[in-house]
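A.B. asks: Taking UniProt numbering, I'd label the letters of the sequence shown as residues 1 to 209.
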Amino acid sequence: MLSPDSGFMRSLNGLVDGIWLNVLMLLTSIPIITIGATLAAGHDTARRTLRGEGHLTKTYMRSFRNNFLQSTTIWLCFGPTLVAIAYTWATWRILPLLIAQFTVSILWAIGFEWAWALQARFSNPVGRTLINAFVFGISHAGTTLMLLIIDVAFAALLVCSWLYMPQGLFLLVILGYGSLLMLHVPLLERALAEYTTTGHSPTSPEGRR
């Protein structure tokens, strides 16, 4: 069981990597404007770590630098939109607009789940990355649903811990989104496999990282 190649030790190493990745992501998200670069670097680092490539911290910092400009631009699309969506849900009580609110919220979630992985995985202009995020998110609806379930389940745990067991909140924050990415990446890589192996498709980016 304690062999480095055992399932237990691989799982333990993955958990430790996920926690450290989450710590790095928390630190680099403090300015808020850098959240986009943080998410792209997190996806890239999680993918490379699971494949046994490089040193986690060095990989993360290099990816953060390389993705900074484009990821920040993408975040400037998603961040303010999230604030606007949250504002409408908190203040609007207009029944005819509920369908529009649900639609916009769902589209935002779909794009958000895919944009950072595509930014980290492929070389593309920002506009094409955003378009591809929605195309892949909708065309791979099963993968998108699983990603959303993982994130919603974790968010529900955070809320429940906050309300009923505050002493567990610190552990959940430490595990955080970095650990979730360790679960996201295999799902995303499976969905993107045909594009990363052939290097082209009608909707996928032409350049790979």
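Here a beta-carbon is modelled for each residue, glycine too, at the ideal position from N, C-alpha and C.
Roughly how many angstroms lie between the CA atoms of Met182 and Leu21, to the nearest whole one?
C.D. replies: Roughly 10 Å between the two C-alpha positions.
A.B. asks: Just checking my contact of Ile85 with Ser105 at CB under 8 Å: how many whole Å lie between their CB atoms?
C.D. replies: Rounded, the Cβ-Cβ distance is 6 Å, consistent with contact.
A.B. asks: Mind checking Leu95: buried by the 16 CB within 10 Å criterion, or exposed?
C.D. replies: Per the 10 Å Cβ criterion, exposed.
A.B. asks: Compare the C-alpha of Ala117 against each of Ile74, Trp92, Leu82 and name the closest.
C.D. replies: Here the closest residue by C-alpha is Ile74.
A.B. asks: Would you identify the three-state DSSP class for Thr81, choosing helix, strand or coil?
C.D. replies: Helix, per DSSP.
A.B. asks: For residue 248, which of Ala153, Asp44, Val126, Leu192 has the nearest alpha-carbon?
C.D. replies: Residue 248 lies beyond the range of the chain shown here (1 to 209); nothing can be said about it.
A.B. asks: Should Gln119 be labelled buried (16 or more other beta-carbon atoms within 10 Å of its own) or exposed?
C.D. replies: Buried: at least 16 other Cβ atoms inside 10 Å.
A.B. asks: Do the CB positions of Thr143 and Leu187 come within less than 8 Å of each other?
C.D. replies: Yes, Cβ-Cβ distance for Thr143 and Leu187 is below 8 Å.
A.B. asks: I need the straight-line Cα distance from Leu24 to Arg47, nearest angstrom please.
C.D. replies: Leu24 and Arg47: Cα-Cα distance of roughly 15 Å.
A.B. asks: Does DSSP classify Met61 as helix, strand or coil?
C.D. replies: Met61: helix per DSSP, three-state reduction.
A.B. asks: Going by C-alpha to C-alpha distance, which of Leu163, Gly137, Leu56 sits closest to His43?
C.D. replies: Minimum Cα distance to His43 is reached at Leu56.
A.B. asks: How many angstroms separate the CA atom of Ala109 from the CA atom of Leu148?
C.D. replies: In a straight line, the C-alpha of Ala109 is about 8 Å away from that of Leu148.
A.B. asks: For Thr34, tell me which candidate among Asn67, Gly168, Ala100 has the shortest Cα-Cα distance.
C.D. replies: Among Asn67, Gly168, Ala100, the Cα nearest to that of Thr34 belongs to Asn67.
A.B. asks: Distance check for Val152 and Leu169, CA to CA, integer angstroms please.
C.D. replies: Using only the alpha carbons, I get a separation of about 16 Å.
A.B. asks: Would DSSP call Trp92 helix, strand or coil?
C.D. replies: Coil.
A.B. asks: Mapping the DSSP letters down to three states, classify Met19 as helix, strand or coil.
C.D. replies: Residue identity check: residue 19 is Ile in the sequence provided, not Met. It is helical.
A.B. asks: Helix, strand or coil for Ile74? Go by DSSP, reduced to three states.
C.D. replies: Reduced to three states, the DSSP call for Ile74 is helix.
A.B. asks: Identify every run of the alpha helix (DSSP H) within the segment 114-171, keeping only runs that are complete inside it and at least 4 residues long; order them along the chain.
C.D. replies: Runs of the alpha helix (DSSP H) inside the segment 114-171: 126-139, 141-164.
A.B. asks: Please name the residue in Asp17, Ile138, Leu180, Thr103 whose C-alpha comes closest to that of Glu53.
C.D. replies: If we check each option's Cα against that of Glu53, Asp17 comes out closest.
A.B. asks: Could you tell me the boundaries of the alpha helix (DSSP H) in which Leu97 lies?
C.D. replies: Taken as a continuous stretch (DSSP letters only), Leu97 belongs to no alpha helix (DSSP H), as it is neither H nor E.
A.B. asks: Between Ser29, Arg190, Gly14, Thr28, which has its C-alpha nearest Arg121's C-alpha?
C.D. replies: Looking at the Cα atoms, Arg190 is the closest of the given residues.
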